[in-house]
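First residue of the sequence shown? That's 216 in the working numbering, and the numbers climb one at a time after it.
Where is the CB? At the ideal position from N, CA and C, for every residue including glycine.
Take a look at the structure below.
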Amino acid sequence: MTTTRTLLASLFVLPVVGAACGDDEPCVPGAGEICTYAGDGQNAYLGDDGPAVEASLSLPMDTRVAPDGSLFILDWNNHRIRRVTEDGMMEHVAGRGELGGTLDDPANSDFNHPTGMLFDPDGGALYIAAWHNSMIRAYDLDTGNITDSCGDGRRAYFGDGGPAEQATLDLPASIVFDPQGRMVIMDQANQVIRRINDDGTIERIAGQCLTLRPGGCGGAPYEQCPGGSGKWSCDPDACGEPCGTGYGGDGGPALDAQIAQPFGQSALPGGRLLYDPDGNLLFADASNNLIRKIDTDGIITTIAGTPPVDGMPQRGYSGDGGPATDALLSNPVDLAMTGDGTLYFSDVDNHVIRAIDPDGTIRTVAGEGGVPGYDGDGGLATDALLKYPFGIELDGDTMYIADMGNSVIRQLVLP
């Protein structure tokens, strides 16, 4: 959607470049330190086949470390997938920078704001949540061919119980594989989480697509909308309305819960998904400013953030050093976990990366809460400034941060 593209391009232009380790000396972070790994701080598209730190990105959303050690980048507002080779060079992978979905030229198939990506368990394909295409697409690492694996390209909610290729999504924001190797999708604007089963069918596993907010029905029960739309409404005339955001369900089945992902013409991509080693599904309930967990029995709980009060999401920056469930967050998006069970997440509108230790204590590991900027390369990450950090990726003790508002990728070595 060009409205979103134009809005964000003007919002996040940032002419200031962060501090470096010296004009002729590359910035290499030590323990607890941060450096810019890719991008020159300009919101643009430049620099393929040159040094990654001299290339220009436009609102990068995510990164993934490839099986060969290179770093794939979702260059979101350039509508491209790019890659930083192990020797630090920037390369083009896919996408022509044009909005659309044609597969006439497979190696350069058009993406419309690709938002999430994930390598398959065998490492042979990169799956991409093509957000405004409302599809999940697969990029073959050997041939460069791109195929559609889920979604028919429309923006609606249809298809549960049928083939995933024929289902309809509405802004798929994130994908993950469950412990059985099945793909799970954050279907953002439908306010549900869906799964592709081994037989190729798709089903809802969490959240509800309610066309009216709780309390808006005057006590009338919700009923299934006709036509297999997957929506529920207390008013048949409202079945064509978008799925509403809400909050509810903690302590009960995830299928009965409500979640709140960003919605509207200018909304950014929503929360992402992660399975922990015990098989629990964690996700960022972004517009509720929470991180929630669905355990292996399908029960949902909140593990970070303060739940809404009287229907109003609680937003802010507080709680470091105390229980994560007492903290205030502001638009959490991406999640990553280390082997010791520490959960890291991007607290986007607070301009920080935070961590939840195994004992449930929350702390900030990069950025200064509530202070956007671009500064601190070569120094401690807790003294640095970030601007709308979106995606995070762990590779051992190294974290890659898609510092979206600064149009750079930054590299943090965990202390």
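How about ASP491 and MET552: are their beta carbons less than 8 Å apart? Here residue 491 is taken as the residue at index 276 of the sequence shown, counted from 1. Here residue 552 is taken as the residue at index 337 of the sequence shown, counted from 1. Cβ atoms of ASP491 and MET552: closer than 8 Å.
Note down, in chain order, each residue of its chain lying with its Cβ closer than 6 Å to the Cβ of GLY445, except the 5 sequence neighbours on either side. The count along the sequence shown starts at 1 and reaches residue 445 at position 230. These residues qualify, in order along the chain: TYR372, ASP375, CYS424.
Using DSSP with H/G/I as helix, E/B as strand and the rest coil, what is ASP452? Mapped onto the sequence shown, residue 452 falls at position 237. Looking at ASP452 - three-state DSSP - the assignment turns out to be helix.
Ignoring anything shorter than 4 residues, give me the alpha helix (DSSP H) runs that lie fully in the segment 295-365, in order along the chain. With a minimum length of 4 residues, no continuous alpha helix (DSSP H) run stays inside the segment 295-365.
Contact check, PRO336 vs PHE287, beta carbons under 8 Å: The residue you call residue 336 lines up with position 121 of the sequence shown. The residue you call residue 287 lines up with position 72 of the sequence shown. In this structure, PRO336 lies away from PHE287, with their beta-carbon atoms at least 8 Å apart.
According to the neighbour-count rule (16 or more other Cβ atoms, all chains shown, within 10 Å of its Cβ), is MET527 buried or exposed? Residue numbering aside, residue 527 sits at position 312 when the sequence shown is read from its first letter. An exposed status is given to MET527, since fewer than 16 other beta-carbon atoms sit within 10 Å of its beta-carbon.
In whole angstroms, what separates the C-alpha of ALA435 from that of LEU427? For this step, residue 435 is matched to residue 220 along the sequence shown. For this step, residue 427 is matched to residue 212 along the sequence shown. So the two alpha carbons sit approximately 11 Å from each other.
ALA519 by DSSP, collapsed to three states: which one? For the purposes of this step, residue 519 is taken as residue 304 along the sequence shown, with counting starting at 1. Three-state DSSP puts ALA519 in a strand.
Report back the beta-carbon spacing between VAL623 and GLY303 to the nearest angstrom; my notes put them in contact at under 8 Å. Position 408 of the sequence shown holds residue 623. Position 88 of the sequence shown holds residue 303. Contact flag wrong, Cβ pair sits at about 14 Å.
C-alpha distance - ASP414 paired with LEU356, whole-angstrom precision: Residue numbering aside, residue 414 sits at position 199 when the sequence shown is read from its first letter. Residue numbering aside, residue 356 sits at position 141 when the sequence shown is read from its first letter. Here the alpha carbon of ASP414 sits roughly 24 Å from the alpha carbon of LEU356.
Cβ shell of HIS307 (< 7 Å), same chain only, five flanking positions each side left out: Numbered from 1 along the sequence shown, position 92 holds the residue referred to as residue 307. Answer for HIS307: ASP263, ARG295, ARG297, listed in chain order.
Please return the same chain residues whose Cβ sits closer than 6 Å to the Cβ of GLY584, not counting the five positions on each side in sequence. As a position in the sequence shown, residue 584 is number 369, starting the count at 1. Within the same chain, GLY584 has close Cβ partners TYR532, ASN565, VAL567.
Contact between the segment 437-453 and the segment 474-482: three or more CB pairs below 8 Å? The segment 437-453 is not in contact with the segment 474-482.
Using C-beta distances below 8 Å, list every residue in its chain close to ASN495, excluding the 5 sequence neighbours before and after it, in chain order. Residue mapping note: residue 495 aligns to position 280 of the sequence shown, counting from 1. These residues qualify, in order along the chain: LYS508, ILE509, ASP510, THR511.
Could you check which residue in PRO378, MET401, ILE515 has the C-alpha nearest to that of ALA469? Residue 469 sits at position 254 when you count from the first residue of the sequence shown. Considering only alpha carbons, the answer is ILE515.
To the nearest angstrom, report how far apart LEU261 and ASP592 are at their CA atoms. By 1-based counting over the sequence shown, the position of residue 261 is 46. By 1-based counting over the sequence shown, the position of residue 592 is 377. When rounded, the distance between both Cα atoms is 22 Å.
If you pair each beta-carbon of the segment 517-526 with each one of the segment 542-556, do three or more pairs fall below 8 Å? Result yes; three or more Cβ-Cβ pairs closer than 8 Å.
Comparing C-alpha positions only, which one of LEU627, LYS602, ALA388, ALA599 sits nearest to GLY194? Nothing about residue 194 can be reported from this structure: the residues present for the chain run from 216 to 630 only.
On the three-state DSSP scale, how would you describe PRO442? Against the sequence shown, residue 442 aligns to sequence position 227. With the sequence shown as reference, residue 442 is identified as Gly, and Pro is not the correct amino acid for it. Residue state, collapsed to three classes: helix.
What did DSSP end up calling LEU470 once you bin it into helix, strand or coil? Here the question's residue 470 lines up with position 255 in the sequence shown. Secondary structure at LEU470: helix, using DSSP grouped into helix, strand and coil.
Which residue from VAL399, ILE361, PRO329, TRP346 puts its Cα closest to that of ALA164? Because the chain is modelled from 216 through 630, residue 164 falls outside the range shown and cannot be assessed.
Roughly how many angstroms lie between the CA atoms of ILE420 and CYS458, to the nearest whole one? The residue labelled residue 420 in the question sits at position 205 within the sequence shown. The residue labelled residue 458 in the question sits at position 243 within the sequence shown. Distance between the alpha carbons of ILE420 and CYS458: 16 Å.
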